[in-house]
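S.K.:
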Amino acid sequence: MKIRCHLRISFIIAFVQASFMSSTCMSNTTWGKLIGNDSHAEVGDDIESVGINGFITSGHEIHFTETNQLKAYVRIRKVKLDGEIEWESAFGRAGVDTLGVCRRLKNGGYLAAGGTKPAGAIVINGWLVKLDNGGKIMWQKEYCCGKESWFNDICELSDGSFAVIGAMESSVGDSFPFRVFLLRVDRTGNLVWARAIGNGVQGPGFSIKATSDGNIVLCGTTFSTGINDPWDLWVAKFDRNGNVLWQKSYGSGGSLKYGETGNQITELPGGNLVVVGSRAVFKSGGYSLFIELNPNGQPLWAKVLSSGNISKIDDETLCVTLLKNGEFLILNQRSTSESEGLETWILCLSKDAKIVWQLLCGQPKQDTILMSAIETADNEIVAYGYTTNGTSESYRALMLQIPRSGVVGDQCPNNIRSAHGLIKDVHLQERTPLSSIFTPKITIRQTHAMYKVGITSIKDWCSN
């Protein structure tokens, strides 16, 4: 079963080696920057706009000790619109620490969410870290449920509290190894309520958003009640007191065996919801999935996107960004039987889900995965993720800017090229999920991550 090959929080990473990449960009409107040091690998997870002041990126660097023990440290950076780093904050606890998302707060500062596993600890715990405007830690807390757990996404509510979604380890014998972990904390990280969703048939939760009616919506994956589908895309709406308003799952209902997954949810002006993810095809490849729901979760339309022959290509949507003019920017992970690596398929879709432009990003025999994207204050697109150089497994964080028009010229001819994917309508059956909801016991502990000193190396990614 394929459920989001590259999770925002990744705790088991294959051995990586350091590498060096260097090339030259010819324009300040299309540029790519590799970020990291020769002593370790670095993965970019998320990017958040801070208006005319640029953007915030979050990710983690990966180290191995002489005894081959994995260590991961957090890297959060404030970046100007031209790609210059204004400040960076690196910290950890000599174990495995990752913060896959970092959100700008209405009253200043940032809140980051992920997971922490100090050296010698048995399980990973969900982790929240509050930063001031300069990247200094104001408070940090871990949320322990007695099992493996971590956070994948956060949103700020109108009263200044936060809703957090992630994964909690299931019981032995359950259909999915993890269930949804949902909680609300106040502005200083104290627990307001917590929910675990699933009775052995629920996958993890990936995305959460505050809605204009004062509630929260979330998405993930659940075991299917359909005849041929192994798993379904799952969406739920909760009020701010932790009561479920509705939950629904969506599957194909056809003769073929499909599995649908929800990776990100976004509210549109007017209250409709857009969910993106994937549709895996049994014994074949997969499609990117893009659906719109009304505020009550009823499907309005559903589309699948494919960058090529389904028997040779596996596509999955990781991110959707609502652009200022109402169009959508879609980031898709793409693997083929021929490329021996992972690429990113970037699409701009119109309001009615027609392709405006599309690009492929990456090279054969390397991984180039863009995890998140924003539209900047100067109307450009900046995406953040990671890449390898093809000669080793070493990762570098990758920050890429392309024009809003999708026309990149000849600045990066070997790394960005035209794409010729297709989009088509599909029918999804709305079903009633089997998931149950209960209140887990949570213990909150203060953590003491220490700042880590390191000089970041930045190299141009474009090659001519």
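Residue numbers (the numbering used here): 1166 to 1629.
Every residue gets a Cβ at the ideal spot worked out from N, C-alpha and C, and that includes glycine.
Quick caveat: nothing in here was measured; it's all calculated off a predicted structure.
1. Tell me the rounded alpha-carbon separation between Arg-1242 and Leu-1514.
2. What residue from Ala-1206, Ile-1581, Gly-1574 has the CA that sits closest to Leu-1565's CA?
3. Can you list, in chain order, the residues of its chain whose CB lies under 6 Å from that of Ala-1284, leaving out five sequence neighbours each side?
4. For Ser-1630, report the span of its beta strand (DSSP E) as first-last.
5. Which residues mark the beginning and the end of the beta strand (DSSP E) in which Arg-1582 is found?
6. Do you know how far the Cα of Leu-1264 is from the Cα of Ala-1548?
7. By the 10 Å Cβ neighbour count, where 16 or more other Cβ atoms means buried, how is Trp-1252 classified, buried or exposed?
8. Taking the alpha-carbon positions, what's the Ala-1375 to Leu-1438 distance?
9. Look up Phe-1180 in the DSSP assignment and say whether it is helix, strand or coil.
10. Three-state secondary structure (DSSP) at Ser-1192?
11. Assuming contact is defined by CB atoms lying nearer than 8 Å, are Phe-1455 and Ala-1401 in contact in what I supplied?
12. Run through the stretch 1407-1461 for me and flag every whole beta strand (DSSP E) of 3 or more residues, listed as ranges in chain order.
13. Which residues share a DSSP beta bridge with Glu-1321?
14. Quick one: what does DSSP say Ala-1290 is sitting in, helix, strand or coil?
15. For Ile-1319 versus Ala-1361, is the C-beta spacing smaller than 8 Å?
16. The beta strand (DSSP E) with Thr-1509 in it runs from where to where?
17. Going by C-alpha to C-alpha distance, which of Gly-1248, His-1228, Asp-1532 sits closest to Gly-1257?
18. Would you call the stretch 1221-1235 in contact with the stretch 1589-1600, where contact means no fewer than 3 C-beta pairs closer than 8 Å?
19. How is Asn-1474 classed by DSSP in three states: helix, strand or coil?
20. Ends of the beta strand (DSSP E) at Ser-1537?
21. My assumption, with CB atoms under 8 Å, is that Val-1485 sits in contact with Thr-1431. Please give the rounded CB distance.
22. In three-state terms, what does DSSP make of Gly-1274?
23. So is Met-1303 buried or exposed if we call it buried at 16+ other beta carbons inside 10 Å?
24. Would you kindly check if the distance between the Cβ of Ile-1250 and the Cβ of Ala-1542 is under 8 Å?
25. Leu-1496: which of Val-1446, Asn-1474, Ala-1562, Gln-1429 sits nearest, CA to CA?
26. Tell me, please, which residues DSSP counts as bridged to Pro-1568.
27. Buried or exposed for Glu-1307, please, with buried defined as at least 16 other CB atoms from any protein chain shown within 10 angstroms of its CB.
28. Given that a residue counts as buried once 16 or more other Cβ atoms are within 10 Å of its Cβ, and exposed if not, what is Asn-1474?
29. Report the three-state DSSP secondary structure of Gly-1248 (helix, strand or coil).
30. Grab the span of the beta strand (DSSP E) containing Gln-1523 for me, first residue to last.
31. For the stretch 1201-1215 and the stretch 1287-1297, state whether three or more C-beta atom pairs, one from each stretch, are separated by less than 8 Å.
32. Are Asp-1404 and Leu-1410 closer than 8 Å when you measure CB to CB?
33. Residues bridged to Gln-1594 by DSSP?
34. Count the other CB atoms within 10 Å of the CB of Ala-1614; is the residue buried (16 or more) or exposed (fewer)?
M.R.: Once the coordinates are examined:
1. Numbered from 1 along the sequence shown, position 77 holds the residue referred to as residue 1242. Numbered from 1 along the sequence shown, position 349 holds the residue referred to as residue 1514. Straight-line measurement puts the Cα of Leu-1514 at about 29 Å from the Cα of Arg-1242.
2. In the sequence shown, counting from the first residue as 1, residue 1565 sits at position 400. The residue with the shortest Cα to Cα distance from Leu-1565 is Ile-1581.
3. Sequence index remark: in the sequence shown, residue 1284 carries index 119 (1-based). Hits under 6 Å: Ala-1259, Gly-1260.
4. Any property of residue 1630 remains undetermined from this structure, which presents the chain solely from 1166 to 1629.
5. The residue you call residue 1582 lines up with position 417 of the sequence shown. It spans 1581-1583 - the beta strand (DSSP E) in which Arg-1582 sits, taken as one unbroken run.
6. Taking the first residue of the sequence shown as 1, we reach residue 1548 at position 383. Taking the first residue of the sequence shown as 1, we reach residue 1264 at position 99. Whole-angstrom Cα-Cα distance: 18 Å.
7. For the purposes of this step, residue 1252 is taken as the residue at position 87 of the sequence shown. Per the 10 Å Cβ criterion, exposed.
8. In the sequence shown, the residue the question calls residue 1375 occupies position 210. In the sequence shown, the residue the question calls residue 1438 occupies position 273. For Ala-1375 and Leu-1438, the distance between alpha carbons rounds to 11 Å.
9. Walking along the sequence shown from the start, residue 1180 turns up at place 15. Its pLDDT being 27, under 50, Phe-1180 is placed unreliably in this model, and the value from its coordinates should be taken loosely. Shown here, Phe-1180 sits in coil according to DSSP, grouped into three states, outside any helix or strand.
10. Reading the sequence shown from its first residue, position 27 is the one you call residue 1192. Per-residue confidence for Ser-1192 stands at a pLDDT of 41, beneath the threshold of 50, marking its modelled position as unreliable; the derived number appears in the next sentence. Coil at Ser-1192, not helix or strand.
11. As a first step, residue 1455 must be located in the sequence shown, where it is residue number 290. As a first step, residue 1401 must be located in the sequence shown, where it is residue number 236. No. Outside cutoff.
12. Segments of the beta strand (DSSP E) lying fully in the stretch 1407-1461: 1409-1416, 1423-1432, 1438-1446, 1451-1458.
13. Looking up residue 1321 in the sequence shown gives position 156. For Glu-1321, which the question treats as bridged, DSSP gives the partners Phe-1327.
14. Residue 1290 sits at position 125 when you count from the first residue of the sequence shown. Sequence inspection shows Asn at residue 1290; the Ala mentioned does not correspond to that position. The answer is strand: DSSP assigns Asn-1290 an E or B state.
15. As a working mapping, residue 1319 is identified with position 154 in the sequence shown. As a working mapping, residue 1361 is identified with position 196 in the sequence shown. Cβ distance not < 8 Å, so Ile-1319 and Ala-1361 don't count as in contact.
16. Within the sequence shown, the letter at position 344 stands for residue 1509. Here the beta strand (DSSP E) through Thr-1509 covers 1507-1514.
17. As a working mapping, residue 1257 is identified with position 92 in the sequence shown. Nearest to Gly-1257 by C-alpha distance, out of Gly-1248, His-1228, Asp-1532, is His-1228.
18. With a cut-off of 8 Å on Cβ pairs, the stretch 1221-1235 is not in contact with the stretch 1589-1600, counting fewer than three such pairs.
19. Along the sequence shown, read from residue 1 onward, the residue named residue 1474 stands at position 309. DSSP places Asn-1474 in coil when its eight states are reduced to three.
20. The residue labelled residue 1537 in the question sits at position 372 within the sequence shown. From DSSP, the beta strand (DSSP E) with Ser-1537 extends over 1533-1540.
21. Looking up residue 1485 in the sequence shown gives position 320. Looking up residue 1431 in the sequence shown gives position 266. At roughly 6 Å, the Cβ-Cβ gap stays under 8 Å, so Val-1485 and Thr-1431 are in contact.
22. The residue you call residue 1274 lines up with position 109 of the sequence shown. Coil, per DSSP.
23. As a position in the sequence shown, residue 1303 is number 138, starting the count at 1. By the 10 Å Cβ count, Met-1303 comes out exposed.
24. If you number the sequence shown from 1, residue 1542 lands on position 377. If you number the sequence shown from 1, residue 1250 lands on position 85. Not a contact, by the Cβ cut-off of 8 Å.
25. To locate residue 1496, count along the sequence shown from 1; it is residue 331. Taking only the C-alpha atoms, the option nearest Leu-1496 is Gln-1429.
26. Within the sequence shown, numbered from 1, the residue matching residue 1568 stands at position 403. Pro-1568 pairs with Glu-1545.
27. For the purposes of this step, residue 1307 is taken as the residue at position 142 of the sequence shown. It is buried - the Cβ of Glu-1307 has at least 16 other Cβ atoms within 10 Å.
28. Counted from its first residue, the sequence shown places residue 1474 at position 309. With a threshold of 16 other beta carbon atoms within 10 Å, Asn-1474 falls short and is exposed.
29. To locate residue 1248, count along the sequence shown from 1; it is residue 83. Here Gly-1248 sits in coil by DSSP.
30. As a working note, residue 1523 is residue 358 in the sequence shown. Gln-1523 -> beta strand (DSSP E) spans 1520-1526.
31. Counting C-beta pairs closer than 8 Å gives fewer than three between the stretch 1201-1215 and the stretch 1287-1297, which falls short of the contact rule.
32. One-based indexing of the sequence shown puts residue 1404 at position 239. One-based indexing of the sequence shown puts residue 1410 at position 245. Their beta carbons are under 8 Å apart, which means Asp-1404 touches Leu-1410 by this criterion.
33. The residue labelled residue 1594 in the question sits at position 429 within the sequence shown. Bridge partners of Gln-1594: Gly-1416.
34. Residue mapping note: residue 1614 aligns to position 449 of the sequence shown, counting from 1. By the 10 Å Cβ count, Ala-1614 comes out buried.
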